[in-house]
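**Student:** Going down the list, the protein sequences come from chains A and B. Counting along the first sequence from 1, when you hit position 129 you're at 129 in the numbering used here, and nothing is skipped either side. Counting along the second sequence from 1, when you hit position 178 you're at 378 in the numbering used here, and nothing is skipped either side.
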Amino acid sequence: MREKEDLLMRDLLASSVSYLNAVGGLNADSPSNISRNDVNNIERLLLSNDARTMLTNIQAEDRFGTAPVRDSFLALCNTDLTSDLQSVQGVVLKAGYPSDKGLRPEEYCAISRFRFFVSSRGIKTTSTSLLGNTIYKIPMFGLESFTKVEQNGYSSKVGYRPPYAVSNVAQNSELYGKFAIARAITNQNWLSGLNVTQRL
Amino acid sequence: MGQLTLLMQGEFASDDTTQEILLPAGADYFSTVNQTQAATTQTTGRAVKCEWYNGAAFPADSQLRTFKTDTTNVLNQTFDTSGGFTYYTSLPAQEAAVTGGTAITAASPAVVTMTNTFSDGDRVALYGTTGMRQISGMEFTISSVSGSAFTLLGLPAAGFAAPATAVTARRLPKNKDVLPSTTFVTAITQAANAVVTTSTAHNYVVGQLLNLVVPSSFGMSEASNKTARVVAVATYSVTLDLDSTSFSAFAFPPDTDVPATILFATMAPAGQRNGYNVDQVPFRSGNFVPFMSLKAGVQSPAGSTTASVGDNIFWQAWKKEN
């Protein structure tokens, strides 16, 4: 049920957000693979619209191989892009954070002013780039840019219908799920993202 | 076989486009009656009743068709394997690409030359557009579809330097998962109330707030990040309360700038305000299942050709009781 709620929110981000094509990569495709310049461009857009970061900074500590992490916006992407994320200039992988306190398993890395979370259900469109490759959408957003409203006091419920309620012959019972969420983009200016392809 | 229970019924006027009928539950029998054609005769006898039964005997796009003999009221019946009903119990997957398109004209509207099996009103993604790479990856609603071409009413390409010499198309579901959805902008006028043209038939309503994103490569960067209210709508355009009189002209970047230039200019819904149109509340689901797809055509369930647009089609969906 919770996974379905996440998918419904993903569909909102896939359908109703303006994305820009990445151009800083080197795979000669349109959109290109992700690059730091593209990520910085989105940061500039969000800051120009007074978007606020969602995560506080992680201060540096005297631990070898770690680096401080800036207060960040969020980025959600498909697991197919993990190898490309590792190749972006200046990336700080999660293992390189000064502290692992409060980190989610889904978090992958920090690039510029964004912390990236990955999912195998991330948004992608098969074979529609200039060269016929899969396009991945990466929503990138600040605080309170979109929301999920719970109606009737719940977001989702599992229910059971006894046999006598299913049909006159009372032969089968039913299990159902229902959702009472409403999705909304609260401020379109605090929400953007990149279209990218994989680096070949 | 068990007793049939009427699920839903309704009627519509044929407009030469594929019709999609949303159903509340699984259907086991579906029928249409063309009331207009039932009351008249034609030089070429037309379908007056089309039927579908749930089962392997009725694969996708098939129908049991009852039609009139030429110029008389005598009825005939046949089984068609195309041009009929398709019952969707899950959202249609993205279809295989149709390659081999040979041209997109640099005209307003643009015309694509491509052997295809599309229908009017379909939404397609075009890519691999050699010579016109600045539109590669965009989605379009197509019209005037023939087996060898279709028109992009949402693309005024007269200002493009050259036509495309190759193109690949992929049909997409008619709607995105959530409505209203982001649309691609293909033109913005310089006017006291800017008129924004979209590549697809949009789903915006009067009173809705929209946010524009216009990269500098499209000229009219002054319009970027502006939020404006819709004051009028047409199929492929909206009029906004945005004064663009002093803005730079909007224009697609040249093909030669791709892939180094930032694409695309887009328009997205801004919040849930839409003038209290309770039937079109943002952000509602765009695709529902199950639904029945009715093909359009002279011998098809959704009605006849352009010459007979406006035929009254009556339909019923039935479900078998256990």
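Glycine included, every Cβ here is placed at the ideal spot set by N, Cα and C.
(1) From Ala67(A) to Ala22(A), what distance separates their C-alpha atoms?
(2) Just to confirm my understanding: we take Ala449(B), look at its own chain, exclude 5 residues before and 5 after, and list those with CB closer than 8 Å. What are they?
(3) Pick from Leu494(B), Ala468(B), Thr313(B), Thr305(B): whose alpha carbon is nearest that of Leu355(B)?
(4) Whose C-alpha, out of Arg52(A), Leu175(A), Val69(A), is nearest the C-alpha of Lys101(A)?
(5) Once the 5 residues before and after Asn316(B) are set aside, which same chain residues still bring their CB inside 6 Å of it?
(6) Starting from Tyr287(B) and walking both ways along the beta strand (DSSP E), at which residues does that stretch end?
(7) Would you say Val39(A) lies against chain B (beta-carbon separation less than 9 Å)?
(8) In the DSSP assignment, what residue or residues form a beta bridge with Ser99(A)?
(9) Buried or exposed for Thr286(B), please, with buried defined as at least 16 other CB atoms from any protein chain shown within 10 angstroms of its CB.
(10) On the DSSP letters alone, give me the boundaries of the beta strand (DSSP E) that Thr266(B) sits inside.
(11) Output yes if chain A places a C-beta closer than 9 Å to the C-beta of Lys520(B); else output no.
(12) Across which residues does DSSP place Ile342(B) in a beta bridge pair?
(13) Of the residues Ser72(A), Lys124(A), Gly90(A), which one's Cα is nearest the Cα of Glu107(A)?
(14) Tell me whether Ser416(B), by its Cβ, gets closer than 8 Å to a heavy atom of the ligand MN.
(15) Whole angstroms is fine: what's the gap from Leu291(B)'s alpha carbon to Asp261(B)'s?
(16) Ser30(A) versus chain B: which residues are under 8 Å apart at the beta carbon?
(17) Which stretch, first to last residue, makes up the alpha helix (DSSP H) that contains Ala28(A)?
(18) Which residues share a DSSP beta bridge with Met467(B)?
(19) Please identify, using Cβ separations under 9 Å, the residues of the region 174-188 of chain A that lie next to chain B, in order along the chain.
(20) Could you spell out where the beta strand (DSSP E) holding Asn512(B) opens and where it closes?
(21) Which of the three DSSP states, helix, strand or coil, is assigned to Arg484(B)?
(22) At what residue ranges does the region 149-194 of chain A contain a whole run of the alpha helix (DSSP H), taking only runs of 4 or more?
(23) Where do the N-terminal and C-terminal ends of the beta strand (DSSP E) with Leu204(B) fall, by residue?
(24) Kindly confirm or deny that the region 73-86 of chain A and the region 163-170 of chain A touch, where touching means at least three C-beta pairs closer than 8 Å.
(25) Taking C-alpha atoms, which residue in Thr466(B), Val405(B), Tyr404(B) lies nearest to Pro415(B)?
(26) Comparing the C-beta of Ile135(A) with each C-beta of chain B, is any distance below 9 Å?
(27) Could you tell me the alpha carbon to alpha carbon distance between Gly486(B) and Glu295(B), rounded to whole angstroms?
(28) For Pro533(B) and Pro105(A), what's the separation of their Cα atoms in angstroms?
(29) Look at the alpha carbon of Ala394(B) and the alpha carbon of Asp280(B), and state the distance between them as a whole number of angstroms.
(30) For Gln59(A), count neighbouring C-beta atoms within 10 Å of its own C-beta (all shown protein chains included) and say buried if the count is 16 or more, exposed if not.
(31) Strictly below 8 Å CB to CB, what residues from chain B border Gly132(A)?
(32) Exposed or buried, which one is Gln499(B) when buried takes at least 16 other CB atoms within 10 Å?
(33) Here's the rule I'm using: 16 or more other beta-carbon atoms within 10 Å means buried, otherwise exposed. How should Cys174(A) be labelled?
(34) How about Leu355(B): is its C-beta nearer than 9 Å to some C-beta of chain A?
(35) If we count the other Cβ atoms within 10 Å of its Cβ and call it buried at 16 or more, is Glu150(A) buried or exposed?
(36) Taking beta-carbon pairs under 9 Å, can you tell me which members of the region 239-260 of chain B lie near chain A?
**Tutor:** This is what the structure gives:
(1) 26 Å
(2) Contacts found: Gln390, Gly419, Met420.
(3) Thr305(B)
(4) Val69(A)
(5) Its chain contains Val298 as the residues whose beta carbon lies nearer than 6 Å to that of Asn316(B), once the 5 sequence neighbours on both sides are disregarded; these appear in chain order.
(6) 275-288
(7) no
(8) Per DSSP, none; premise fails for Ser99(A).
(9) buried
(10) 262-268
(11) no
(12) BP columns for Ile342(B) are empty, so no partner.
(13) Ser72(A)
(14) Summarising the ligand content, the structure contains no ligands, and the ligand MN is consequently not present.
(15) 16 Å
(16) Arg333, Ser336, Gly337, Val458, Pro459, Leu463
(17) Where Ala28(A) is concerned, there is no enclosing alpha helix (DSSP H), given that its DSSP letter is neither H nor E.
(18) Thr383(B), Leu412(B)
(19) Closer than 9 Å at the C-beta level to chain B, one finds these residues of the region 174-188 of chain A: Ala182, Arg183, Ala184, Ile185, Thr186, Asn187, Gln188.
(20) 512-520
(21) strand
(22) 163-166
(23) For Leu204(B), the enclosing beta strand (DSSP E) has its first and last residue at 204-213.
(24) no
(25) Thr466(B)
(26) Taking Cβ atoms only, chain B reaches closer than 9 Å to Ile135(A), which makes this a yes.
(27) 18 Å
(28) Residue 533(B) falls outside the range modelled here, since chain B spans only 201 to 522, and no answer is possible.
(29) In this model, Ala394(B) and Asp280(B) are separated by some 48 Å (Cα to Cα).
(30) exposed
(31) Ala297, Tyr327, Gly328, Thr368
(32) buried
(33) In the sequence as displayed, the identity of residue 174(A) is Glu instead of Cys. Flag for Glu174(A) reads exposed.
(34) Residue-level contact check: Leu355(B) does not touch chain A, since none of the beta carbons of chain A fall below 9 Å from its beta carbon.
(35) exposed
(36) none
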